[in-house]
Amino acid sequence: MTSHYDVVVLGAGPGGYVAAIRAAQLGLNTAIVEPKYWGGV
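Per the numbering used here, the sequence shown starts with residue 35, numbered consecutively.
What follows is the structure, given as structure tokens:
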């Protein structure tokens, strides 16, 4: 299965998840890659 993303955010720290939310709000197909915790814990 092949997926297409306009934006791929590496890391879900404070900047990463805000960037992903904003990209999605702008209508971009967005993915986040985060192996551990959201929010930079």
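Each residue gets a CB set at the ideal place from its N, CA and C atoms; glycine is no exception.
Just to confirm, are V41 and L62 a CB contact at a threshold of 7 angstroms? For the purposes of this step, residue 41 is identified with residue 7 of the sequence shown, where counting begins at 1. For the purposes of this step, residue 62 is identified with residue 28 of the sequence shown, where counting begins at 1. Yes, Cβ-Cβ distance for V41 and L62 is below 7 angstroms.
Spatial distance of Y39 from A46 (CA atoms): Against the sequence shown, residue 39 aligns to sequence position 5. Against the sequence shown, residue 46 aligns to sequence position 12. Cα-Cα distance, rounded: 17 angstroms.
Identity of the residue in A57, T64, A58, G50 nearest S37 by Cα: As a position in the sequence shown, residue 37 is number 3, starting the count at 1. Residue T64 is the option with its Cα nearest to S37.
Would A58 and V43 qualify as a contact pair, given that the criterion is a beta-carbon distance under 7 angstroms? If you number the sequence shown from 1, residue 58 lands on position 24. If you number the sequence shown from 1, residue 43 lands on position 9. Not in contact: A58 and V43 (Cβ atoms no closer than 7 angstroms).
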